[in-house]
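Colleague: Protein chains in written order, with the numbering used here: chain P, 1 to 111; chain B, 112 to 227. Ideal Cβ placement from N, Cα and C applies to all residues, glycine included. Everything numeric in this text was worked out from a predicted model, so none of it was measured.
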Amino acid sequence: KAGVTQTPRYLIKTRGQQVTLSCSPISGHRSVSWYQQTPGQGLQFLFEYFSETQRNKGNFPGRFSGRQFSNSRSEMNVSTLELGDSALYLCASSITDQPQHFGDGTRLSIL
Amino acid sequence: QKEVEQDPGPLSVPEGAIVSLNCTYSNSAFQYFMWYRQYSRKGPELLMYTYSSGNKEDGRFTAQVDKSSKYISLFIRDSQPSDSATYLCAMSDTLNYGGATNKLIFGTGTLLAVQP
Numbered sequence: 001k002a003g004v005t006q007t008p009r010y011l012i013k014t015r016g017q018q019v020t021l022s023c024s025p026i027s028g029h030r031s032v033s034w035y036q037q038t039p040g041q042g043l044q045f046l047f048e049y050f051s052e053t054q055r056n057k058g059n060f061p062g063r064f065s066g067r068q069f070s071n072s073r074s075e076m077n078v079s080t081l082e083l084g085d086s087a088l089y090l091c092a093s094s095i096t097d098q099p100q101h102f103g104d105g106t107r108l109s110i111l
Numbered sequence: 112q113k114e115v116e117q118d119p120g121p122l123s124v125p126e127g128a129i130v131s132l133n134c135t136y137s138n139s140a141f142q143y144f145m146w147y148r149q150y151s152r153k154g155p156e157l158l159m160y161t162y163s164s165g166n167k168e169d170g171r172f173t174a175q176v177d178k179s180s181k182y183i184s185l186f187i188r189d190s191q192p193s194d195s196a197t198y199l200c201a202m203s204d205t206l207n208y209g210g211a212t213n214k215l216i217f218g219t220g221t222l223l224a225v226q227p
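1) Is P:Gln37 near P:Ala92, with beta carbons less than 8 Å apart?
2) Give me the chain P residues within the contact set of B:Phe217, using Cβ-Cβ distance strictly less than 9 Å, ordered along the chain.
3) For B:Pro192, which three-state DSSP category applies?
4) Contact between the stretch 74-82 of chain P and the stretch 139-155 of chain B: three or more CB pairs below 8 Å?
5) Within the stretch 138-203 of chain B, note down every full beta strand (DSSP E) run reaching 3 residues or more, in order along the chain.
6) Pick from P:His101, P:Lys57, P:Asn59: whose alpha carbon is nearest that of P:Gly28?
7) Show which residues of chain P have a CB atom less than 7 Å away from the CB atom of B:Met145.
8) Can you give me the Cβ contacts of P:Lys1 inside the same chain, cut-off strictly under 7 Å, excluding the 5 residues immediately before and after it?
9) Could you spell out where the beta strand (DSSP E) holding P:Arg67 opens and where it closes?
10) Three or more C-beta pairs closer than 8 Å, one from the stretch 127-135 of chain B and one from the stretch 219-226 of chain B: is that the case here?
11) Strictly below 9 Å CB to CB, what residues from chain B border P:Ser94?
12) What does a CB cutoff of less than 7 Å around B:Tyr198 pick up in its chain, not counting 5 residues either side in sequence?
13) Is B:Lys153 close to chain P, meaning its C-beta is less than 8 Å from at least one C-beta of that chain?
14) For the stretch 152-173 of chain B, which residues have a beta carbon sitting closer than 7 Å to at least one beta carbon of chain P?
15) Assign P:Gly84 to one of three DSSP states: helix, strand, or coil.
16) In the structure shown, what three-state DSSP assignment does P:Asn77 receive?
17) Quick check on P:Pro27 - is its C-beta less than 8 Å from some C-beta in chain B?
18) Taking 8 Å as the threshold (beta carbon to beta carbon), is B:Gly220 in contact with chain P?
19) How close, in whole Å, do the beta carbons of B:Tyr143 and B:Ser203 come, if the pair is a contact with beta carbons under 8 Å?
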């Protein structure tokens with residue numbers, strides 16, 4: 001069974017640009033969560049989607065947004081990029097009553 | 112104060128040693144406890160998960176949860192160089208049951224190095 005797939009693996013952007021990251025969950029998983037991982041703050045929850053609805057959102061500015069499609073695939077978007085947005089962005093999927101499984105992330109670097 | 116505290120290490124042990132990794136937490140609503148292992152340039156990989164208090168064993172790994180002390184542990188027996196990674200504890204008050212949300216709160220991770 002294929003795991004969680006995130007694309008692209010690496011991205012380099014400049015300040016002020018926007019970026020879209022993609023996540024394909026494990027087949028049959030309807031919940032998709034996004035996390036930001038930085039050396040200083042560790043893993044922090046961004047948001048979670050279930051059946052195309054955002055069920056929870058972390059403490060991040062409105063520049064961070066996401067969506068989920070009917071096939072459970074998810075995207076997250078960051079607008080007006082700042083240097084501090086440089087991080088590893090992780091996607092995780094799960095099914096009811098089971099813990100989350102993570103992809104290998106997208107490494108975003110802002111110049 | 113962070114909801115979940117974890118010693119960042121690094122922790123260096125010789126091959127074959129027993130490793131003890133720990134986390135403390137402050138939110139008494141946490142019921143689900145997980146340990147993830149993260150190798151460099153990879154995503155977190157689920158190792159163990161437990162519900163409420165008690166022990167759970169899987170091969171060389173044992174997870175313990177003491178809710179009365181708000182303390183969880185992961186023990187690795189007969190440690191191997193391939194166990195060298197960052198170990199992350201994570202907790203949640205729900206686990207995607209029905210309409211419940213699925214937010215995990217992570218510790219900062221402990222970097223473990225097992226020397227051959």
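Modeller: Based on what the coordinates show:
1) no
2) Tyr35, Gln37, Gly42, Leu43, Gln44, Phe45
3) helix
4) no
5) 143-149, 156-162, 165-169, 172-177, 182-187, 196-203
6) P:His101
7) Pro99
8) Ile26, Ser27
9) 64-68
10) yes
11) Leu206, Asn207, Asn213
12) Leu132, Trp146, Arg148, Leu185, Gly220, Thr221, Leu223
13) yes
14) Lys153, Gly154, Pro155, Leu157, Tyr160
15) helix
16) strand
17) In the sequence as presented, Pro is not what sits at residue 27 of chain P; that position holds Ser. No - not a single Cβ of chain B is within 8 Å of the one on P:Ser27.
18) yes
19) 5 Å
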